[in-house]
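Working notes, beginning with the structure itself.
Residue numbers (our numbering), protein chains in the order written: chain L, 842 to 1108; chain G, 57 to 308.
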């Protein structure tokens, strides 16, 4: 699989009142075309900052990010960011939101396309509704549809479903998998939910606490649909949680080092 | 029925106030201060000979012109100041200094520049309503949540689309708040402005009624009418808050 995104030696430091605050420390990895890579890490470790750097919203102090071999300097509709709090414009209807990114298209064309994606995420009949008339789950669908309609090659997802209740979270994960099986996107998913990562990802990258370094990487070798209660999944979950310092076990530096040096084994 | 129930307490208090007013005038046997009934008959007199409508029309015309000029000036300026950092740092101190000056203080200058015709009160209304609208529009732009601007940047839209689809609609609720404040102040100021050298308007009616034979019944009638029209104007601005595109801000 050719590499779609290459993250090379990224370093990022924020200035704060107490002096410089290193957030990202020499992070390198790559994401294959059509791959779904999840990034997990302790809260506040800099996961979101990393995603912002990859998506072009923030410049790294050192290192660079390339997409299809070209360095990214600013955000573009080639990769759309979906964030935890959502950014569906509350002053536009669902349909107007979906048409927002479609500038170059002819008018009639845009509406058909917008309605097609609204239907795809299950918002048929709500095209003329305003966001404040929708539930949290429907808002997420609208946001997803607005991203998909511009046919981005990459989706950057920052805790996309964490503001939803557990049931809606699960439902949206399945919805996302269904959509991804129809339209093949490359996805970088930041989450604190290990189970969500295992449910969705082809590969999981574990970051250390701040300043974040790449601590470990795991392949998720289970075919979809995944059964989250299966022993294999549970073992993987335990292994990842151990890396995150849960269960009172400190990560074994030697084991982590071996895993890091392993070439990602694709399935 | 429900609405009547809600209004009942304030209607009761109003009735009590009127009764107290009546009682006091009767008890003190004031020859100059009118009873509520005299105010009612005075109002009827004004309506019959048609002068009341002329005065109301004159006042509304001045407020309307001055206010619309202020909107046309303040909204684009506020958007610009909100969006362009340099414009804000340059102009904001000037506006902050001019804002606390009562519009009444501008009366001599208004007369000097515009004489004693309609232009003077229109200028005063412009001055009074322009500052709150500039301030509100600017803060409307400043308080646009970053996530919306980031989303717009993500989709790579043109500057024109960014303004039309994101900046202006996001600031619109605040702009409407500014317009409500602006129109309220404008209505306050027109009465004061009309007390000087003009021959029409509700402010003139008050001064003229007093000067021409101490007709305090007409003074109070004019005051009540000013209050009612002010309420009506605010109600009109409230209709703007009911628009679908701004509901997101007021609904919660």
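Ideal Cβ placement from N, Cα and C applies to all residues, glycine included.
Note that the structure is a prediction, hence the values are computed from the model and not measured.
Given residue i as reference, the closest of the options once Cα atoms are compared
i                       : options                        : result
residue 232 of chain G  : G:221, G:100, G:292            : G:292
residue 896 of chain L  : L:887, L:902, L:906            : L:906
residue 861 of chain L  : L:1052, L:932, L:950, L:916    : L:1052
residue 851 of chain L  : L:858, L:865, L:887            : L:865
residue 928 of chain L  : L:1050, L:977, L:1059          : L:977
residue 1060 of chain L : L:1028, L:878, L:846           : L:878
residue 184 of chain G  : G:223, G:248, G:208            : G:248
residue 972 of chain L  : L:957, L:939, L:893, L:935     : L:935
residue 154 of chain G  : G:187, G:118, G:243            : G:187
residue 257 of chain G  : G:210, G:206, G:178, G:204     : G:178
residue 1048 of chain L : L:891, L:882, L:996            : L:882
residue 938 of chain L  : G:104, G:204, G:271, G:59      : G:204
residue 875 of chain L  : L:918, L:1074, L:908, L:967    : L:908
residue 921 of chain L  : L:1035, L:1027, L:1065, L:1022 : L:1027
residue 1080 of chain L : L:1057, L:1065, L:1067, L:1069 : L:1057
residue 128 of chain G  : G:182, G:305, G:175            : G:182
residue 845 of chain L  : L:890, L:863, L:858, L:873     : L:873
residue 960 of chain L  : L:847, L:854, L:989            : L:989
residue 987 of chain L  : L:1023, L:975, L:956           : L:956
residue 943 of chain L  : L:902, L:931, L:993            : L:993
residue 980 of chain L  : L:991, L:1009, L:1023          : L:1009
Within chain L, the residues that residue i reaches when beta carbons sit closer than 9 Å
i                      : result
residue 221 of chain G : 930, 932, 933, 937, 941
residue 195 of chain G : Under the 9 Å cutoff, chain L gives no residues; its nearest Cβ is about 17 Å from residue 195 of chain G.
residue 265 of chain G : Going along chain L, no residue has its Cβ under 9 Å from residue 265 of chain G, so there is no contact; the nearest lies around 48 Å.
residue 203 of chain G : 924, 926, 927, 928
8 Å Cβ cut-off: residues of chain G touching residue i
i                      : result
residue 991 of chain L : 211
residue 918 of chain L : 210, 211, 212
Residue i: CB within 8 Å of a non-hydrogen atom of the ligand GDP
i                       : result
residue 1009 of chain L : This structure does not include the ligand GDP; it has no bound ligands of any sort.
Proximal chain L residues relative to residue i, where beta-carbon distance stays under 8 Å
i                      : result
residue 304 of chain G : 931, 932, 971, 972, 973
residue 214 of chain G : 944
Bridge partners - residue i, DSSP secondary structure assignment
i                       : result
residue 1031 of chain L : L:880, L:999
residue 872 of chain L  : L:846
residue 1012 of chain L : Answer is none; residue 1012 of chain L lacks a bridge partner.
residue 861 of chain L  : L:856
residue 1059 of chain L : L:1045
residue 908 of chain L  : L:846, L:911
residue 1053 of chain L : L:865
residue 920 of chain L  : L:995
residue 851 of chain L  : L:868
residue 903 of chain L  : L:852
Beta-carbon neighbours of residue i, restricted to chain G and to distances below 9 Å
i                      : result
residue 832 of chain L : The requested residue 832 of chain L is not part of the displayed model; chain L covers only 842 to 1108.
residue 964 of chain L : Neighbours of residue 964 of chain L on chain G: none; closest Cβ ~18 Å, over 9 Å.
residue 921 of chain L : 207, 210, 211
Contact set between residue i and chain G, taken where Cβ atoms lie within less than 7 Å
i                       : result
residue 1001 of chain L : Ordered by position in chain G, no residue passes the 7 Å Cβ test against residue 1001 of chain L, which lies about 13 Å from the chain.
Chain L residues whose Cβ lies nearer than 7 Å to that of residue i
i                      : result
residue 217 of chain G : 944
C-beta neighbour in chain A for residue i, strict 9 Å
i                     : result
residue 96 of chain G : Protein chains in the displayed structure are L and G, and chain A is not among them.
Against chain G: residues of the stretch 1007 to 1032 of chain L by CB proximity under 9 Å: none
Members of the stretch 969 to 987 of chain L that neighbour chain G once the beta carbon cut-off is set at 8 Å: 971, 972, 973
Contact list for the stretch 885 to 910 of chain L against chain G, Cβ threshold 7 Å: 898
Cβ contact (3+ pairs, closer than 8 Å) linking the stretch 188 to 200 of chain G and the stretch 225 to 242 of chain G: yes
Proximal residues, the stretch 273 to 301 of chain G versus chain L, C-beta separation under 7 Å: 300, 301
The stretch 911 to 927 of chain L touching the stretch 1001 to 1012 of chain L, judged by at least three CB pairs closer than 8 Å: yes
Sufficient close CB pairs (3 or more, under 8 Å) joining the stretch 135 to 154 of chain G to the stretch 75 to 91 of chain G: no
contact_flag[the stretch 158 to 175 of chain G, the stretch 209 to 227 of chain G] where n(CB pairs < 8 Å) is 3 or more: no
Three-pair Cβ contact test at 8 Å for the stretch 129 to 140 of chain G versus the stretch 260 to 274 of chain G: no
Any 3 or more C-beta pairs closer than 8 Å across the stretch 1019 to 1031 of chain L and the stretch 1070 to 1081 of chain L: no
Cβ-based contacts, 8 Å cut-off: residues of the stretch 220 to 244 of chain G near chain L: 221, 222, 225, 226, 228
Members of the stretch 1045 to 1073 of chain L that neighbour chain G once the beta carbon cut-off is set at 8 Å: none
Contact between the stretch 238 to 247 of chain G and the stretch 98 to 106 of chain G (3+ Cβ pairs under 8 Å): no
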